[in-house]
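These notes concern the structure reproduced below.
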Amino acid sequence: MKLKSLILGSIAAAGLSTAGFAADLGVLTSLDVCDELGLSGLTISSDTNCLQISGSVEYTFEYGNFGDSTTIANTLSSRATGTGSNVFGVNQDGVRNIDRASFGPGSQQDWDSKVQTFLKFVGTASSDFGPARVVLNIRQRDYTRTRNGASVVGGHPDAHGMRFQDAYVQVGDTTILTAGKRASSIFNEGDDEPYNFTGLFNSDDADKGVWEGPVRKEGHVIQLETQFGEGFVGKIGLEALNREDVAFGSTTAAPIAGNTQAGSLIGVLEYAGEGVTAHISGSVGGLLDGIQTTGDTYAVHAGVTGTFDAFKLRAAGAAGGGYVAPGTSWNYWNGLVSGEANFDMFKVALSAEAIGGTDSAGVARSTDYGFGGSVGAKVSEGVEINLGGRYFSNDSSNLGAAYQVAAQLIAALTETIKVTGEVGVFGYGSEGAVAANSDFYGQASLGWTPVGGGFSSAVTAKVQQNGAYKVTFNAKKTFQ
């Protein structure tokens with residue numbers, strides 16, 4: 004119990020029983036500044052500020068023989084290339100769903116050991132414009148990667164030492180101004196995840212949705228958002244003000260002079276009403292150098308979701324592109340629709356997607372499309388079965404159509420223990436000189452989440468027809 008609470012409680016017990024009497028004596032009727040600000044959790048307070056503290060530690064260990072993989076779907080991250088450069092700034096591998104075992108002399112074992120930590124401090128005080136906040140978020144990713152029994156030089160590209168991922172100030176209530184270093188963007192890319200349990204191939208490559216594309220975002224930011232009423236929110240901001248320019252298409256090269264990719268203007272309009280959420284986000288990148296140069300980009304992302312009793316409908320679209328050289332540019336577009344219907348114990352979901360555009364040499368690429376569906380059933384209390392599949396046309400390359408068929412069982416053994424099992428097959432058909440390829444797999448997971456405490460853990464094992472296998476252990480604890 005806090006000292007202030009004890010003192011004020013003693014005064015109240017001594018006979019200050021009415022609010023009017025307390026006010027006459029100049030006694031604060033609010034016992035704590037955190038309560039006054041409506042803040043809860045793990046807090047420390049002074050007379051004017053409330054400090055909230057939260058954090059987590061997550062550990063993941065993977066062991067097996069899984070170091071190689073095969074591309075089975077040439078999605079947007081692999082299509083948008085012309086002369087070997089990658090306009091999206093991500094891998095050019097498309098979707099690599101088939102892990103491959105390694106064969107040869109010496110150890111073939113692979114393992115990854117990763118610890119992710121974060122510690123977040125939010126200091127809040129009252130102002131005449133609304134709550135004024137300072138946010139400090141310290142993160143670390145300690146990652147060791149081993150392939151074929153030997154440590155990988157440089158470890159994992161996502162590994163980094165302890166650093167401030169967020170360090171920004173913020174003020175406001177219905178209108179909020181944010182400035183500083185921030186790992187989250189105002190660019191809204193939601194309302195776009197397909198409902199079927201296997202998802203879609205390009206959607207997986209786009210982190211479960213349609214492509215946000217070449218948005219230069221986050222980093223050093225100045226952001227402003229305001230609520231218009233009737234469910235509408237508008238946002239505008241400058242982001243990536245500290246972005247360093249690298250050689251076109253490279254994600255690993257050292258920065259070069261120019262900073263031609265620095266500075267993005269982002270605007271967002273969002274709506275949330277009864278049963279409907281929607282948004283449209285736009286971005287223009289590479290503004291700070293003041294001229295049109297390689298790396299200048301634009302992107303638009305929009306989505307809408309409607310929930311109507313037993314039905315859910317969703318549509319999303321994205322488009323964007325960038326400047327390469329005088330007379331040369333690249334562009335893309337990506338659309339997705341999905342729906343879900345619930346009938347007593349059954350759930351049916353259907354989804355479809357399409358992609359198109361040009362590569363970095365300005366050459367038009369063919370339109371590819373994909374679709375997927377699933378049927379789920381709650382066969383008893385705590386037991387659910389899902390059957391589904393997905394398909395992707397792969398028309399843009401010398402590779403046959405990609406597919407996956409899977410069956411999943413989810414069973415809650417107790418209130419805290421859940422078992423998930425899945426069997427299926429990934430593959431692609433023959434096309435030109437490329438022969439058809441397929442790989443059956445099976446995996447099982449045992450998850451344990453004790454009631455309360457913010458702790459969770461799981462063990463997952465996966466085996467494949469080609470000889471690859473992986474065992475994963477994960478444990479995480481959060482506090483706030």
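Going letter by letter, the sequence shown gives residues 4 to 483 in the working numbering. Every residue gets a Cβ at the ideal spot worked out from N, C-alpha and C, and that includes glycine. The model shown is predicted, which means the values in this text are computed figures rather than measured ones.
Under the three-state reduction of DSSP output, PHE132 falls in the coil class, being neither helix nor strand. Under a 10 Å Cβ-count criterion, ASP299 is classified as buried, with 16 or more other Cβ atoms of the shown protein chains found around its own Cβ. Positions of the beta strand (DSSP E) runs, each at least 3 residues long and wholly inside the stretch 338-366, are given as 349-361 in order along the chain.
Taking all protein chains in view, the Cβ of THR78 is crowded by 16 or more other Cβ atoms within 10 Å, so the residue is classified as buried. If you compare the alpha carbons of ARG317, VAL137, PHE204 with that of THR181, the shortest gap goes to VAL137. Each residue's CA atom was taken as its position, placing GLY392 and PHE429 some 10 Å apart.
THR296 and ASN191 have their alpha carbons spaced roughly 26 Å apart. By the Cβ criterion, the stretch 340-351 is not in contact with the stretch 207-216, since fewer than three pairs of Cβ atoms, one from each stretch, lie closer than 8 Å. In this structure, the CA atom of VAL466 is about 56 Å from the CA atom of SER129.
Taking C-beta atoms under 8 Å as the contact rule, ILE189 and VAL271 qualify, at a distance of about 5 Å. Counting only residues of its own chain and dropping the five nearest sequence neighbours on each side, LYS350 has a CB closer than 6 Å to the CB of GLY379. In this structure, ASP115 keeps its C-beta atom at 8 Å or more from the C-beta atom of ALA319. Around VAL327, the same chain offers THR297, TRP333, SER363 as residues with beta carbons nearer than 7 Å, after the five sequence neighbours per side are excluded. Comparing C-alpha distances from TYR274 to each of THR417, VAL303, GLY403, GLY232 shows the shortest one belongs to GLY232. DSSP places GLU273 in the strand class (E or B) of the three-state scheme. In summary, GLY288 is buried, with 16 or more beta-carbon neighbours lying within 10 Å of its beta-carbon over all protein chains present. A distance below 8 Å separates the beta carbons of GLY175 and GLY133.
In the DSSP assignment, GLN446 forms a beta bridge with GLU425, LYS465. DSSP places VAL474 inside the beta strand (DSSP E), whose first and last residues are 472-482.
A Cβ-Cβ contact shorter than 8 Å links GLU356 with GLY338. The C-alpha of ILE239 is placed about 44 Å away from the C-alpha of LEU412. With respect to the 8 Å criterion, THR229 and THR178 are classified as neighbours on the basis of their beta carbons. Taken through DSSP and simplified to helix, strand or coil, ASP113 comes out as strand. The shortest CA-to-CA distance from ILE420 to any of SER441, ASN401, ILE388, VAL462 is the one to VAL462. In the three-state scheme derived from DSSP, where H, G and I count as helix and E and B as strand, SER80 is classed as helix. Judged by DSSP secondary structure, ASN68 falls within the beta strand (DSSP E) whose first and last residues are 52-68. Taking 8 Å as the upper bound for CB-CB distance, LEU244 and GLY278 are not in contact here, some 38 Å apart. Rounded to whole angstroms, GLY403 and GLY67 show a C-alpha spacing of 29 Å.
Per DSSP, ASN205 is one residue of the alpha helix (DSSP H) stretching across 204-208. PHE235 and VAL303 have their C-alpha atoms roughly 19 Å apart.
As a beta-bridge residue in DSSP terms, VAL287 pairs with LEU268, TYR301. Each of ALA439, GLY445, ALA438, GLN55 was checked against the Cα of VAL426, and the nearest Cα belongs to GLY445.
In the structure shown, GLU39 adopts helical secondary structure according to DSSP, grouped into three states.
THR51 counts as exposed, since fewer than 16 other C-beta atoms from the protein chains shown sit within 10 angstroms of its C-beta. Restricting attention to ASN440, LYS220, ALA405, THR46, the CA atom closest to the CA of GLY58 is found in THR46. Across the structure, GLY164 and LYS123 are spaced so that their CA atoms are roughly 16 Å apart.
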